[in-house]
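Asks:
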Amino acid sequence: MSNKVLMKGNEAIAEAAISAGCLYFFGYPITPQTEVAEYMARRLPKVGGLCLQAESEVAAINMLMGASAAGTRAMTSSSSPGISLKSEGISYIAGCDLPCLVVNVQRGGPGLGGIQPSQQDYYQATRGVGHGDLRLIVLAPSSVQEMASLTAEAFDLADTYRMPAMLLADGALGQMMEPVDFSVFPKRELPEKTWATNGHGGARKKNIVNSLFIDPNELENSIRARYERYAKVEENEVRYEEYMTEDAEIILVAFGITARIAKSAITEARAKGVKAGLLRPITLWPFPKKRLGELADRAKAFLSVEMSMGQMVDDVRLAVNGKKPVSFFGRTGGIIPSVEEVAAEIMKLAESL
Amino acid sequence: MTTRYIFAGSGGQGIQFSGKQMAKTGMHVGKNVTFLPSYGPEMRGGTSNCTVVISDEEIGSPSVSSPDVLVAMNLPSFDKFEPKIAQGGILFCDSTLVDKKSERDDIKAYYVPATGLANENGLLGFANVILLGVIVKVTGIFDCADFEDYLLSNIPATKTALIEKNKKALEIGYGLEIE
Numbered sequence: 189m190s191n192k193v194l195m196k197g198n199e200a201i202a203e204a205a206i207s208a209g210c211l212y213f214f215g216y217p218i219t220p221q222t223e224v225a226e227y228m229a230r231r232l233p234k235v236g237g238l239c240l241q242a243e244s245e246v247a248a249i250n251m252l253m254g255a256s257a258a259g260t261r262a263m264t265s266s267s268s269p270g271i272s273l274k275s276e277g278i279s280y281i282a283g284c285d286l287p288c289l290v291v292n293v294q295r296g297g298p299g300l301g302g303i304q305p306s307q308q309d310y311y312q313a314t315r316g317v318g319h320g321d322l323r324l325i326v327l328a329p330s331s332v333q334e335m336a337s338l339t340a341e342a343f344d345l346a347d348t349y350r351m352p353a354m355l356l357a358d359g360a361l362g363q364m365m366e367p368v369d370f371s372v373f374p375k376r377e378l379p380e381k382t383w384a385t386n387g388h389g390g391a392r393k394k395n396i397v398n399s400l401f402i403d404p405n406e407l408e409n410s411i412r413a414r415y416e417r418y419a420k421v422e423e424n425e426v427r428y429e430e431y432m433t434e435d436a437e438i439i440l441v442a443f444g445i446t447a448r449i450a451k452s453a454i455t456e457a458r459a460k461g462v463k464a465g466l467l468r469p470i471t472l473w474p475f476p477k478k479r480l481g482e483l484a485d486r487a488k489a490f491l492s493v494e495m496s497m498g499q500m501v502d503d504v505r506l507a508v509n510g511k512k513p514v515s516f517f518g519r520t521g522g523i524i525p526s527v528e529e530v531a532a533e534i535m536k537l538a539e540s541l
Numbered sequence: 074m075t076t077r078y079i080f081a082g083s084g085g086q087g088i089q090f091s092g093k094q095m096a097k098t099g100m101h102v103g104k105n106v107t108f109l110p111s112y113g114p115e116m117r118g119g120t121s122n123c124t125v126v127i128s129d130e131e132i133g134s135p136s137v138s139s140p141d142v143l144v145a146m147n148l149p150s151f152d153k154f155e156p157k158i159a160q161g162g163i164l165f166c167d168s169t170l171v172d173k174k175s176e177r178d179d180i181k182a183y184y185v186p187a188t189g190l191a192n193e194n195g196l197l198g199f200a201n202v203i204l205l206g207v208i209v210k211v212t213g214i215f216d217c218a219d220f221e222d223y224l225l226s227n228i229p230a231t232k233t234a235l236i237e238k239n240k241k242a243l244e245i246g247y248g249l250e251i252e
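Here the protein sequences come in this chain order: A and B.
Add 188 to a position in the first sequence, counting from 1, and you land on the number used in my numbering.
Add 73 to a position in the second sequence, counting from 1, and you land on the number used in my numbering.
1) Anything in chain B within Cβ reach of A:ILE524, meaning under 7 Å, just list it in chain order.
2) Going by other Cβ atoms of all chains shown within 10 Å of its Cβ, with 16 needed for buried, is B:PRO140 buried or exposed?
3) Under 7 Å, CB to CB, which of the residues in the stretch 100–111 of chain B have a partner in chain A?
4) Quick check on B:GLY133 - is its C-beta less than 7 Å from some C-beta in chain A?
5) Quick check: what's the CA-CA separation for B:GLY195 versus B:GLU155?
6) Helix, strand or coil, according to DSSP, for A:THR264 in the structure here?
7) Using CA coordinates, which residue listed in B:ALA81, B:PHE215 and B:ILE236 is at the minimum distance from B:TYR112?
8) What residues from the stretch 353–373 of chain A come within 8 Å of chain B, judged by C-beta to C-beta, listed N to C?
9) Less than 7 Å between the C-beta atoms of A:ILE303 and A:PRO220, yes or no?
10) By a C-beta neighbour count over all protein chains shown, 10 Å radius and 16 as the cutoff for buried, is A:LEU378 buried or exposed?
11) With a threshold of 7 Å between beta-carbons, can A:LYS451 be considered close to chain B, or not?
12) Taking its Cβ as the centre, do 16 or more other Cβ atoms sit within 10 Å of A:GLU223, making it buried, or is it exposed?
13) Quick check on B:ILE208: buried or exposed, where buried means 16 or more other Cβ atoms within 10 Å of its Cβ?
14) Find out if the Cβ-Cβ distance for the pair A:PHE490, A:ILE439 is shorter than 7 Å.
15) Kindly indicate which three-state DSSP category B:PRO110 falls into: helix, strand or coil?
16) Check each candidate in A:GLY465, A:VAL397, A:PRO352 and A:GLU334 and name the one with the smallest Cα separation from A:VAL372.
17) Measuring CA to CA, which of B:ARG77, B:LEU170 and B:CYS123 is closest to B:GLN160?
18) Report the residue from A:PRO217, A:VAL193, A:GLY301 and A:GLU203 whose alpha carbon sits nearest the alpha carbon of A:SER496.
19) Can you pull the chain A neighbours of B:LYS97, defined as C-beta to C-beta under 8 Å?
20) Tell me the DSSP secondary structure of A:LEU541 in three-state form.
21) Of the residues that make up the stretch 83–94 of chain B, which ones have a beta carbon closer than 8 Å to any beta carbon in chain A?
22) Using three-state DSSP, classify A:SER526 as helix, strand or coil.
23) Take A:ARG230 as the anchor and find which of A:SER244, A:TYR212 and A:ASN424 has the nearest alpha-carbon.
24) Comparing C-alpha positions only, which one of B:PRO135, B:ASP222 and B:ASP129 sits nearest to A:GLY362?
25) In chain order, what residues of the stretch 425–448 of chain A put their CB closer than 7 Å to some CB of chain B?
26) For the alpha helix (DSSP H) that B:LEU77 lies in, which residues bound it at each end?
27) At a CB-CB cut-off below 8 Å, which residues of chain B make contact with A:GLU528?
28) Please name the residue or residues paired with A:SER146 in a DSSP beta bridge.
29) I'd like to check one pair, A:ASN292 with A:LEU232: are the Cβ atoms closer than 7 Å?
30) Pick from A:THR446, A:LEU273 and A:SER256: whose alpha carbon is nearest that of A:TYR216?
31) Quickly, what does DSSP pair A:GLU366 with across the bridge? List them, please.
32) Could you tell me which residues DSSP pairs with B:VAL185 in its beta bridges?
33) What does the Cβ neighbour count give for A:MET195, buried or exposed, with the cut at 16 atoms within 10 Å?
34) Anything in chain B within Cβ reach of A:PRO220, meaning under 8 Å, just list it in chain order.
35) For the stretch 326–357 of chain A, which residues have a beta carbon sitting closer than 7 Å to at least one beta carbon of chain B?
36) Between A:THR339 and A:ARG458, what straight-line distance do the alpha-carbon atoms span, to the nearest angstrom?
Put into structure tokens, the structure is as follows:
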């Protein structure tokens, strides 16, 4: 039936990137995302592209900067400790206004941590992925289908706003298999890359891609101009899914794999007569703060569920802005919360209301 | 209707293959499916397990703490997961390798000497497929012919020996008189 194939999340990212026209991949192996590179190594040479295993994460991110500066569609992928190594390069890429895709299939940290799924890099992705004033567009898939569709979308968003985008997944999404349909992705109208430092045979003035501005006024102006683009992203590109929020008194906020656990827990709570619902941010930056603010006018309480010690909960609190209580439940270090424990948390909260 | 499976055993027994085969057949017959392999420290220790969810509805959690169906192909897997089977659930056990029986009276248990049967029939390494045959028969989740089609669809037509062995193993499992 249909066009569906059963695929690993990591493979779906790679296949979606290739069908979105990505020709260059630079990476360094790390569990649990290595299948992305493996798939790229197998497929990219066959479509006229290049998959390069660099000598380190630092080398890979700088190769990506070069490929993006030349105007090509390119990406890298890694997992948590590897993204820390790439963070300097990501800041340079942001400072150079280059579009590209960085994939983080998160594992437990800090340090070398573990190899099981986590969401402990939320702060890193949405706040501090590199030095300086900068943002990444951060997309959080929740299924293997979205691993594919949001990969394609991330490239288009990056090109539209001339900035790096990140796909923030986790080890469970990377490793699990689900049916994927590759025939359903919408394509955007994209701006021409007039800024690219590619060959032109002397036909135009040379382009320069640079993140160094010694004159602070010049640097401030460049940052302000970039933040005007960021404002447009915040205005136009916020994405989220709502599940049973219409009459919900308790609203869970969860992204990625955790949002699916939350949905199952909500079904259990509803069976016991508790009106629970879910807001699932699909874009972590820009964060759906306006919608959460609206929901805070009618819901009674919020519960942020994460695979961390509580990071996104800060954004939920900022969005709810004191209107209603916001609590947190999380497991960390590579443990996926069980449906039962999330459901118990909802029941506990319901009793306290 | 949602059924949650855990397949568990030792590395090399085809645990991941079994899980994928269930998920793949589920997908082809139009159900929602998820397949979540273990890739962590337990995999590196030589044991292997995976979780499969097959459902008519959208699947929430792909990870499962209490399965409706457990397939245990070695003793550590039996010890670890048998107590977790949901009430009214089903246990399939390779009784050649697991010399224990469940003491629970709220589950149904099927003890199949799959590894022994495989060895007697020249099907070394196909105990997992024999068990798949039993599962398809007992649960009635798939039509056996459908299941066989998708089982064989991955194997290149030139590998006739492999096709024959898979077919034979599935037939043995499906044909067993079990109660």
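Just so you know, even glycine gets a beta-carbon here, dropped at the ideal spot from N, CA and C.
Replies: To lay it out plainly:
1) SER136
2) buried
3) MET100, HIS101, GLY103, VAL106, THR107, PHE108, LEU109 and PRO110
4) yes
5) A direct Cα-to-Cα measurement between B:GLY195 and B:GLU155 gives close to 30 Å.
6) strand
7) B:ALA81
8) Residues GLY359, ALA360, GLN363, MET364, MET365, GLU366 and PRO367.
9) Going by C-beta atoms, A:ILE303 is nearer than 7 Å to A:PRO220.
10) exposed
11) yes
12) buried
13) It counts as buried.
14) Going by C-beta atoms, A:PHE490 is nearer than 7 Å to A:ILE439.
15) strand
16) Ranking A:GLY465, A:VAL397, A:PRO352 and A:GLU334 by Cα distance to A:VAL372 puts A:GLU334 first.
17) Closest by alpha carbon: B:ARG77.
18) A:GLY301
19) LEU194
20) coil
21) LYS93
22) Annotated three-state conformation of A:SER526 is coil, per DSSP.
23) A:TYR212
24) B:PRO135
25) ARG448
26) In the sequence as displayed, the identity of residue 77 of chain B is Arg instead of Leu. Run containing B:ARG77: none in the alpha helix (DSSP H); it sits in the beta strand (DSSP E), 75–83.
27) SER138
28) Only positions 189 to 541 of chain A appear in the structure, and residue 146 of chain A is not among them; the question remains open.
29) no
30) Answer by Cα proximity: A:LEU273.
31) A:MET195
32) B:ASP167
33) Within 10 angstroms of the beta-carbon of A:MET195 lie 16 or more other beta-carbons, which makes it buried.
34) TYR112
35) none
36) Spanning the two alpha carbons is a distance of roughly 33 Å.
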